[in-house]
Amino acid sequence: MKTTVNKTDDGTITITVTIPWDTIAKQFDALMTEAIKQVEIKGFR
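This is the structure:
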């Protein structure tokens, strides 16, 4: 995981977090599988 913090002169702080896909892929696939079961598309046969 990589993080960067950028501070600007106006006081704004931007935090960027980069997470490798292989770290989240398994959980993402499981969540998408569950979401697909619950989706209802009106007018779809």
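Using numbering that gives the first Met the number 0, the first residue of the sequence shown is number 0, and each one after it goes up by one.
Cβ atoms here follow ideal geometry from the backbone N, Cα and C, with glycine treated the same way.
Tell me whether the beta-carbon of Asn5 lies closer than 9 Å to the beta-carbon of Thr17. On the sequence shown, position 6 is the one that residue 5 refers to. On the sequence shown, position 18 is the one that residue 17 refers to. Result no, Cβ atoms of Asn5 and Thr17 do not sit closer than 9 Å.
On the three-state DSSP scale, how would you describe Ile35? Along the sequence shown, one-based indexing puts residue 35 at 36. Here Ile35 sits in helix by DSSP.
Taking the continuous beta strand (DSSP E) assigned at Ile18, which residues delimit it? In the sequence shown, counting from the first residue as 1, residue 18 sits at position 19. Neither: Ile18 is in no beta strand (DSSP E) and is coded neither H nor E.
In whole angstroms, what is the alpha-carbon distance linking Asp21 and Ala34? Residue mapping note: residue 21 aligns to position 22 of the sequence shown, counting from 1. Residue mapping note: residue 34 aligns to position 35 of the sequence shown, counting from 1. Cα-Cα distance, rounded: 20 Å.
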